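Participant: In the working numbering, the protein residues as written are 1 to 261.
In this text, a Cβ means the ideal position worked out from N, Cα and C, and glycines have one as well.
Here the structure is a predicted model, which is why all the values come from computation and not from measurement.
#1: Measure how close the beta-carbons of residue 103 and residue 42 come, nearest whole angstrom, since I'm counting them as under 8 Å.
#2: Is the distance from the Cβ of residue 253 to the Cβ of residue 115 below 8 Å?
#3: Report the rounded CA-to-CA distance for residue 249 versus residue 166, giving the unit in angstroms.
#4: Using DSSP with H/G/I as helix, E/B as strand and the rest coil, what is residue 170?
#5: CA-CA distance, residue 93 and residue 87?
#6: Suppose contacts are defined by Cβ-Cβ distances below 8 Å. Is residue 173 in contact with residue 80 by that definition?
#7: Label residue 96 either buried or exposed according to how many other C-beta atoms from any shown protein chain fall within 10 Å of its C-beta, with 16 as the threshold for buried.
#8: Helix or strand or just coil, what does DSSP make of residue 184?
#9: Drop a sphere of 10 angstroms on the beta-carbon of residue 90, count the other beta-carbons inside from all chains shown, and report buried for 16 or more, exposed for fewer.
#10: With a threshold of 16 other CB atoms inside 10 Å of the CB of residue 76, please say whether the residue is buried or exposed.
#11: Taking only runs that begin and end inside the segment 43–96, name each unbroken alpha helix (DSSP H) of 4 or more residues, in chain order.
#12: Go ahead and label residue 185 buried or exposed: buried means 16 or more other beta carbons lie within 10 angstroms of its beta carbon, across all protein chains shown.
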């Protein structure tokens, strides 16, 4: 294994460790790291999407076993996100003959979503408190309208994820808390992860079909991330969340700012 490939293993280890400790930061850290390594933006997004689909599949099995998934909500989200992914991929494929334009759009979108994710990470507690106070009042909204809002949320998340590989984590969780503020947190988190797997899988395979995939790179990332997630999960709660989240938010905001400006 040469030095460059060893660096990808270490990157996977670090990102997996952070995800295991905080529950966020997968795509929002991995894609910028791949850009820093000099990976083409479109290839970085495509590779990270399949990386996310594989790593989160294990989480779905655990949450399913613990009955932490609301499959109805997952279904409505998927109804919006998968068509949005396909439309976004179709748009990106139309730019495939103009790779500079394609990479410019991806980098700009990535920067914007990173800035939003940084805010969601930094102000998570305030956002969740707002969601509980001002969340959708199910006594005043019809089930069909709530389902429509869920589909719309999926549509927005699907577009962001197909463009940047980011959005299904921190932003998706906050959106679900606002729509379903009285569901137990563990079920909302499990539902978000269950939705993220088909979302990232479809988006990742779509990018792979356009050639935006590096299978060797994916293997090296997984070599590091799987043990990293295991270690981080066992250390979760031992490091102050009040220290971790501001550090992670600052890092994401800095990267996003540089990409946008």
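Facilitator: Considering the structure as presented:
#1: Confirmed, about 6 Å.
#2: In this structure, residue 115 lies closer than 8 Å to residue 253 by Cβ.
#3: Taking the straight line from one Cα to the other gives about 14 Å.
#4: Residue 170: helix per DSSP, three-state reduction.
#5: Answer to the nearest angstrom: the Cα atoms are 10 Å apart.
#6: Result no, Cβ atoms of residue 173 and residue 80 do not sit closer than 8 Å.
#7: Looking at its Cβ environment, which holds fewer than 16 other Cβ atoms inside 10 Å, residue 96 is exposed.
#8: When secondary structure is reduced to three states using DSSP, residue 184 falls in the coil class, being assigned neither helix nor strand.
#9: Residue environment: residue 90 is assigned as exposed (fewer than 16 neighbouring CB atoms within 10 Å of its CB, all protein chains considered).
#10: Counting Cβ neighbours within 10 Å, residue 76 comes out buried, since at least 16 surround it.
#11: Listed in chain order, they are 71–94.
#12: Exposed, since its Cβ has fewer than 16 Cβ neighbours within 10 Å.
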